[in-house]
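In the numbering used here, the protein residues as written are 33 to 320.
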């Protein structure tokens, strides 16, 4: 769990482990609904890192808490369920084989019951910021993403700041040279600031401004908006303003990432020291 107990927890998205049978293209989704309009409520937008970053449409069959009477008449859905069962049964992983007993469901379900903030697990190292964004609760997040349920504008502002990115570059894993973000290493160990109520308000306003500028470019994919060669000037300015406010919340300004990381590790040592002292005193310290 996060070393700073005032922030929301981050979880991985849901894993289909279905050989692609639960996932639908826009055309496949439209054909299913055209054949049987009642199936519309069983189909949700689906977003993995690829779809999120590149503005691609994908959908999924989502049967959690759906009674069989809603889909047992659909030959196409029954065929896909049968394919999922067969695929899992033939897996070399024992855990996946066991999930063959539940072929109507994603193998690992972590979908939030609320709107959430989405972070792609892998992102290009060329970007100044990892593109992140708020999603509606009906959009199913895949396991190439990380989710923060009930996230606030303040949390969005901190995570999409230069301070957080300095931490990411130093501690995250890598896939080739790309950032590989994780909850356990990057997010949970990140030392958050201790801002005043006014500083939180200012960060939230600046974070909303970033989202507003992005909305003005809603036809463009986030991959293009955050490409250093094509990033719109107004989006760069919005992020620069947010960066300055986040640094103020840490109580100082920095000239470069070396200074930022050094300061963050000082905070990390302080916060983990406090956790250790809490554990030693009460025997009930949080798992960090």
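Cβ atoms here follow ideal geometry from the backbone N, Cα and C, with glycine treated the same way.
Item	Value
Spatially closest choice to residue 194 from 293, 226, 299, by CA coordinates	293
CB of residue 53 within 9 angstroms of CB of residue 113, strictly	yes
Minimum C-alpha distance to residue 39 - residue among 307, 196, 184	184
Which of helix, strand or coil DSSP assigns to residue 84	helix
Residue 273 versus 239, 254, 150, residue with shortest Cα-Cα distance	239
C-beta atoms of residue 48 and residue 145 nearer than 9 angstroms	no
Distance, residue 159 Cα to residue 258 Cα	6 angstroms
Pairwise C-alpha distance: residue 69 and residue 320	The pLDDT assigned to residue 320 is 47, lower than 50, so where the model puts this residue is not dependable; a value taken from the coordinates is nonetheless given after this. In a straight line, the C-alpha of residue 320 is about 48 angstroms away from that of residue 69.
Cβ pair residue 75, residue 94 closer than 9 angstroms	yes
Residues near residue 177 in its chain [Cβ-Cβ closer than 8 angstroms; skip 5 each side]	44, 45, 79, 80, 81, 84, 150, 151, 152, 153
Inter-residue Cα distance where the pair is residue 210 and residue 67	42 angstroms
Inter-residue Cα distance where the pair is residue 166 and residue 148	6 angstroms
Residue 197 (DSSP reduced to helix, strand or coil)	helix
Beta-carbon contacts of residue 281 that lie in its chain and below 7 angstroms, excluding the five residues immediately before and after	225, 227, 231, 235
Range covered by the beta strand (DSSP E) that runs through residue 265	Note, residue 265: premise wrong, no beta strand (DSSP E); alpha helix (DSSP H) at 265-281.
Spatial distance of residue 103 from residue 71 (CA atoms)	7 angstroms
Where the alpha helix (DSSP H) through residue 75 begins and ends	It is not in any alpha helix (DSSP H) - residue 75 instead sits in the beta strand (DSSP E) that spans 75-79.
Span separating the alpha-carbon of residue 116 from that of residue 135	6 angstroms
Which of helix, strand or coil DSSP assigns to residue 306	helix
Residue 152 in three-state terms, based on DSSP	strand
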